[in-house]
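Trainee: So the protein lines, in turn, are chains A and B.
First residue of the first sequence: 1, per UniProt numbering; consecutive thereafter.
First residue of the second sequence: 1, per UniProt numbering; consecutive thereafter.
Please find one structure pasted underneath; my questions will follow.
Protein chains: 2
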Amino acid sequence: MNAEFVNPFIISLVNVLKTMAQIELQIGKPQKKADSKARGDVSGLIGMVGSNIAGSMSITFEEGLALQVMEGMLGERPDSLDDEVNDMVGEITNMVAGGAKKELAKKGYDVGMATPVVVSGKEHTINHKVSGHKMILPFKAEGGKAYIEICFDK
Amino acid sequence: MNAEFVNPFIISLVNVLKTMAQIELQIGKPQKKADSKARGDVSGLIGMVGSNIAGSMSITFEEGLALQVMEGMLGERPDSLDDEVNDMVGEITNMVAGGAKKELAKKGYDVGMATPVVVSGKEHTINHKVSGHKMILPFKAEGGKAYIEICFDK
Numbered sequence: 001m002n003a004e005f006v007n008p009f010i011i012s013l014v015n016v017l018k019t020m021a022q023i024e025l026q027i028g029k030p031q032k033k034a035d036s037k038a039r040g041d042v043s044g045l046i047g048m049v050g051s052n053i054a055g056s057m058s059i060t061f062e063e064g065l066a067l068q069v070m071e072g073m074l075g076e077r078p079d080s081l082d083d084e085v086n087d088m089v090g091e092i093t094n095m096v097a098g099g100a101k102k103e104l105a106k107k108g109y110d111v112g113m114a115t116p117v118v119v120s121g122k123e124h125t126i127n128h129k130v131s132g133h134k135m136i137l138p139f140k141a142e143g144g145k146a147y148i149e150i151c152f153d154k
Numbered sequence: 001m002n003a004e005f006v007n008p009f010i011i012s013l014v015n016v017l018k019t020m021a022q023i024e025l026q027i028g029k030p031q032k033k034a035d036s037k038a039r040g041d042v043s044g045l046i047g048m049v050g051s052n053i054a055g056s057m058s059i060t061f062e063e064g065l066a067l068q069v070m071e072g073m074l075g076e077r078p079d080s081l082d083d084e085v086n087d088m089v090g091e092i093t094n095m096v097a098g099g100a101k102k103e104l105a106k107k108g109y110d111v112g113m114a115t116p117v118v119v120s121g122k123e124h125t126i127n128h129k130v131s132g133h134k135m136i137l138p139f140k141a142e143g144g145k146a147y148i149e150i151c152f153d154k
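In structure tokens form, the structure reads like this:
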């Protein structure tokens, strides 16, 4: 997987959080290692299918960052990861995937998006099962960490 | 969502667990209620995209049933939800989706499958974000419970 494929997702998440929640994400170093694990408290996942490509994308938030996003979007910080946080993570996942899809289409990749799924649970881990490389992209803001994972069979 | 759409997934899971792990699943009553939650310890998810349809499917296992499946497949029961259990759940998700895809194609639904994603974490919940109905299908075996959730935008 090359930067051409990964960058649209990075740019899309950074833009979405800046626009929606006034959060400036620090972008960490992308990692390929198979043993890297994203451990978080709430995650959005979405499947992607093209004519000769299939894959998945996930965005995992630590609780603190998820609550910071809610505060930035609504002006009020929830006490815990409630149903509204869950909905927000689903919407962000959709927006990030949609933004990346548009950029990928410009580069000639026609990728269809499935619907988002949100996982909640203290310190869960996400494991993308693909034959190709997995990329983990760490992000950081005041409230905590987030991770994007992107994986494709090729 | 009608039975024509849901039944291929039920039949596929029952067949896969019978063939691979000699487990006879008891099929519970499908539920539409939005507040039904599948709480489990390891889940496989897969996105689905057709020409005018998008959705997602998840299979959530309680730890006891996941370990029973491993025992049935390999003759040995792992002590905990390790990486091998994780891989097994990914494979089963792929097989169930693949089996359902074939049946759906016979009925005229051409649905492409994304790649599976496995989530681990004690008592996590899965929340499919779609505009259409969500179906939750409970299953039971000696070792514990499993839930299939199927959701489509229409």
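Glycine included, each C-beta is placed from N, C-alpha and C at the ideal position.
Keep in mind that this is a model prediction, so the values were computed, not measured.
Does the beta-carbon of Ser-12 of chain B have 16 or more other beta-carbons within 10 angstroms, so that it is buried, or is it exposed?
Mentor: Position 12 of the second sequence, counted from the start, is the residue given in the question as residue 12 of chain B. By the 10 Å Cβ count, Ser-12 of chain B comes out buried.
Trainee: Return the chain-ordered list of same chain residues with a C-beta closer than 6 Å to the C-beta of Val-14 of chain A, the five sequence neighbours on each side being excluded.
Mentor: Here residue 14 of chain A is taken as the residue at index 14 of the first sequence, counted from 1. Only Leu-25 meet the Cβ criterion.
Trainee: From which residue to which residue does the beta strand (DSSP E) around Ser-12 of chain B run?
Mentor: Taking the first residue of the second sequence as 1, we reach residue 12 of chain B at position 12. No beta strand (DSSP E) contains Ser-12 of chain B, which is instead part of the alpha helix (DSSP H) from 3 to 21.
Trainee: Assuming Gly-98 of chain A and Met-48 of chain B make a contact with CB atoms under 8 Å, what is their CB distance in whole Å?
Mentor: Translated into positions along the first sequence, residue 98 of chain A becomes position 98. Translated into positions along the second sequence, residue 48 of chain B becomes position 48. Gly-98 of chain A to Met-48 of chain B, Cβ: 17 Å. No contact.
Trainee: Closer than 8 Å, Cβ to Cβ, to anything on chain A: give me those residues from the stretch 105 to 124 of chain B, in chain order.
Mentor: Cβ contacts with chain A come from Gly-112, Met-113, Ala-114, Thr-115, Pro-116, Val-117, Val-118, Val-119, Ser-120, Gly-121, Lys-122, Glu-123, His-124.
Trainee: Identify the contact partners of Leu-45 of chain B in chain A, using a Cβ-Cβ distance below 9 Å as the criterion.
Mentor: The sequence position of residue 45 of chain B within the second sequence is 45, counting from 1. Correct list: Leu-45, Gly-47, Ser-56, Val-117, Val-119.
Trainee: When you compare the CB positions of Thr-115 of chain A and His-128 of chain B, do they come within less than 8 Å of one another, or not?
Mentor: Reading the first sequence from its first residue, position 115 is the one you call residue 115 of chain A. Reading the second sequence from its first residue, position 128 is the one you call residue 128 of chain B. Contact: yes.
Trainee: Strictly under 8 Å for the Cβ-Cβ distance: is His-128 of chain B near chain A by that measure?
Mentor: Your numbering for residue 128 of chain B matches position 128 in the second sequence. Output row for His-128 of chain B: interface = yes.
Trainee: Could you give the C-beta distance for Val-119 of chain B and Leu-45 of chain B, rounded to a whole number, given that I count them as a contact under 8 Å?
Mentor: Locating residue 119 of chain B in the second sequence gives position 119, where the first residue counts as 1. Locating residue 45 of chain B in the second sequence gives position 45, where the first residue counts as 1. Between Leu-45 of chain B and Val-119 of chain B the Cβ distance is about 7 Å, and since that is below 8 Å, they are a contact.
Trainee: What are the boundary residues of the alpha helix (DSSP H) that Leu-67 of chain A is part of?
Mentor: Residue 67 of chain A sits at position 67 when you count from the first residue of the first sequence. Start and end: 63 to 74.
Trainee: Please compile the residues from chain A whose C-beta is within a distance smaller than 8 Å of the C-beta of Asp-153 of chain B.
Mentor: Taking the first residue of the second sequence as position 1, residue 153 of chain B is located at position 153. By Cβ distance, chain A contributes Thr-115.
Trainee: Anything in chain A within Cβ reach of Gly-90 of chain B, meaning under 8 Å, just list it in chain order.
Mentor: Counted from its first residue, the second sequence places residue 90 of chain B at position 90. Within 8 Å Cβ-Cβ: Asn-127, Lys-129.
Trainee: Is the CB of Asn-86 of chain B under 8 Å away from at least one CB in chain A?
Mentor: By 1-based counting over the second sequence, the position of residue 86 of chain B is 86. Chain A, which has a Cβ nearer than 8 Å to the Cβ of Asn-86 of chain B, makes this yes.
Trainee: Would you mind working out which of A:Met-20, A:Val-85, A:Glu-91 sits nearest Glu-63 of chain A, comparing C-alpha positions?
Mentor: Residue mapping note: residue 63 of chain A aligns to position 63 of the first sequence, counting from 1. The shortest Cα separation from Glu-63 of chain A among A:Met-20, A:Val-85, A:Glu-91 belongs to A:Val-85.
Trainee: Just how far apart, CA to CA, sit Met-151 of chain B and Ala-141 of chain A?
Mentor: The sequence position of residue 151 of chain B within the second sequence is 151, counting from 1. The sequence position of residue 141 of chain A within the first sequence is 141, counting from 1. Per the sequence presented here, residue 151 of chain B reads as Cys, with Met not at that position. The straight-line gap from Cα to Cα measures roughly 33 Å.
Trainee: Flag this pair as yes or no: are the beta carbons of Lys-32 of chain B and Met-135 of chain B separated by less than 8 Å?
Mentor: In the second sequence, residue 32 of chain B corresponds to position 32, counting from 1. In the second sequence, residue 135 of chain B corresponds to position 135, counting from 1. Cβ atoms of Lys-32 of chain B and Met-135 of chain B: closer than 8 Å.
Trainee: For a test of the three-state rule: what should DSSP assign to Gly-144 of chain B, helix, strand or coil?
Mentor: The count along the second sequence starts at 1 and reaches residue 144 of chain B at position 144. Reduced to three states, the DSSP call for Gly-144 of chain B is strand.
Trainee: By the three-class DSSP mapping on this structure, what secondary structure does Val-111 of chain A have?
Mentor: As a first step, residue 111 of chain A must be located in the first sequence, where it is residue number 111. If DSSP states are grouped into helix, strand and coil, Val-111 of chain A belongs with the strands.
Trainee: For Ala-3 of chain B and Lys-29 of chain B, what's the separation of their Cα atoms in angstroms?
Mentor: Taking the second sequence and counting its residues from 1, the one referred to as residue 3 of chain B is at position 3. Taking the second sequence and counting its residues from 1, the one referred to as residue 29 of chain B is at position 29. One C-alpha to the other measures close to 12 Å.
Trainee: Nearest by alpha-carbon distance to Val-6 of chain A: which of A:Ile-92, A:Gly-75, A:Gly-55 is it?
Mentor: As a working mapping, residue 6 of chain A is identified with position 6 in the first sequence. Cα-wise, what sits closest to Val-6 of chain A is A:Gly-55.
Trainee: Considering just the uninterrupted stretch of the beta strand (DSSP E) at Val-49 of chain B, what are its terminal residues?
Mentor: The residue labelled residue 49 of chain B in the question sits at position 49 within the second sequence. Residues 39 to 50.
Trainee: Here's the rule: buried if 16 or more other CB atoms are within 10 angstroms of the residue's CB, otherwise exposed. What is Asp-87 of chain B?
Mentor: On the second sequence, position 87 is the one that residue 87 of chain B refers to. Looking at its Cβ environment, which holds fewer than 16 other Cβ atoms inside 10 Å, Asp-87 of chain B is exposed.
Trainee: At which residues does the alpha helix (DSSP H) containing Lys-106 of chain A begin and terminate?
Mentor: Along the first sequence, read from residue 1 onward, the residue named residue 106 of chain A stands at position 106. Looking at the DSSP string, the run of the alpha helix (DSSP H) that includes Lys-106 of chain A is 83 to 106.
Trainee: Is the CB-CB distance between Ala-146 of chain B and Leu-67 of chain B below 8 Å?
Mentor: Indexing the second sequence from 1 puts residue 146 of chain B at position 146. Indexing the second sequence from 1 puts residue 67 of chain B at position 67. Result no, Cβ atoms of Ala-146 of chain B and Leu-67 of chain B do not sit closer than 8 Å.
Trainee: Using 10 angstroms around the beta-carbon of Met-18 of chain B, count the other beta-carbons present and answer buried if the total reaches 16, otherwise exposed.
Mentor: For the purposes of this step, residue 18 of chain B is identified with residue 18 of the second sequence, where counting begins at 1. According to the sequence as given, residue 18 of chain B is Lys; it is not Met. Exposed: under 16 other Cβ atoms inside 10 Å.
Trainee: Here's a check: name, in chain order, each residue in its chain whose Cβ is nearer than 6 Å to the Cβ of Gly-50 of chain A, leaving out the five neighbours to either side.
Mentor: Counting from 1 along the first sequence, the entry for residue 50 of chain A is found at position 50. Closer than 6 Å at Cβ, skipping near neighbours: Asp-110, Val-111.
Trainee: Quick one: grab the DSSP three-state call for His-133 of chain B.
Mentor: The residue you call residue 133 of chain B lines up with position 133 of the second sequence. Looking at His-133 of chain B - three-state DSSP - the assignment turns out to be coil, as it is neither helix nor strand.
Trainee: Look up Gly-55 of chain B in the DSSP assignment and give the residues it is bridged to.
Mentor: As a working note, residue 55 of chain B is residue 55 in the second sequence. DSSP, once it has assigned bridges, lists B:Met-48, B:Phe-152 as partnering Gly-55 of chain B.
Trainee: Going by other Cβ atoms of all chains shown within 10 Å of its Cβ, with 16 needed for buried, is Lys-102 of chain B buried or exposed?
Mentor: In the second sequence, the residue the question calls residue 102 of chain B occupies position 102. So Lys-102 of chain B ends up on the exposed side.
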